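A short write-up of the structure that comes next.
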Amino acid sequence: SDAQLDAAMDQIPLKDISRFIGASLKVSGSDVSLRPGLSEIIGAIQPEAGLFALEKGTEPLATLICVHDGDLAGLFEIATDRSVRNQGHGRHLILSALKWARLRGAREAWLQVEADNAPALALYRSLGFDEVYRYHYRRPPGA
80 SDAQLDAAMD
90 QIPLKDISRF
100 IGASLKVSGS
110 DVSLRPGLSE
120 IIGAIQPEAG
130 LFALEKGTEP
140 LATLICVHDG
150 DLAGLFEIAT
160 DRSVRNQGHG
170 RHLILSALKW
180 ARLRGAREAW
190 LQVEADNAPA
200 LALYRSLGFD
210 EVYRYHYRRP
220 PGA
């Protein structure tokens, strides 16, 4: 809602892609071997992208990428460190990113989430997101 966004903290996205990737890999528990690929993907994003990281001191707590494209905002790579989940860090970061996008003209937002991620689904519903459609991946036999 607008009231939630108005109350959200103004957070400046990171400009340092390497710092963001390090934080993102840590909070998601992903292997550091993904660093070069992530760097290439993030560097290739054409619309304006905000790299958001919530940190306590030098420790990353939550990260996400917000891509602003006209009147849309897409949220990607949303993750909160396992040790600090259910403390509002994801909500805080999502609201800050949506506020950033709204100030640039975004009026609607979208994201993707795995259908069995109940905690994330509950968070996104509480923020006003609704399921629009589902999809799945297929592989050819023997692949």
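So for the sequence shown, this note's numbering puts the first residue at 80; every next one is plus one.
Cβ coordinates follow ideal geometry from the N, Cα and C atoms, glycine included.
As the structure is a computational prediction, the values presented were derived from the model and not from experiment.
CB-CB length for residue i against residue j, believed under 8 Å
i: A199; j: H168; result: With 8 Å as the limit, A199 and H168 do not qualify as a contact, their Cβ atoms being about 13 Å apart.
i: H147; j: A185; result: 5 Å
i: L143; j: L172; result: 6 Å
CA-to-CA distance, residue j to residue i, given in whole angstroms
i: K41; j: I120; result: This structure gives no information on residue 41, because the portion of the chain shown stretches from 80 to 222.
i: L151; j: E127; result: 11 Å
i: D160; j: G108; result: 8 Å
i: R164; j: A123; result: 30 Å
i: E138; j: P219; result: 42 Å
i: G264; j: G149; result: Residue 264 is absent from the model: the chain starts at 80 and stops at 222.
i: E115; j: E156; result: The identity of residue 115 in the sequence shown is Pro, whereas the question assumes Glu. C-alpha separation (whole angstroms): 16 Å.
Status (buried if at least 16 other CB within 10 Å, exposed otherwise) for residue i
i: S103; result: buried
i: G221; result: exposed
i: Y203; result: buried
Beta-carbon proximity check, residue i vs residue j, cutoff 8 Å
i: V106; j: A158; result: yes
i: L93; j: A132; result: yes
i: R213; j: A201; result: no
Below-8 Å beta-carbon distance, residue i vs any chain C residue
i: S109; result: Absent from the structure: chain C. Only one protein chain is present.
Quiz item: Taking three-plus beta-carbon pairs below 8 Å as touching, is the segment 80 to 92 in contact with the segment 174 to 190?
Solution: yes
Quiz item: Should the segment 94 to 110 be regarded as contacting the segment 185 to 194, the criterion being three or more beta carbon pairs within less than 8 Å?
Solution: no
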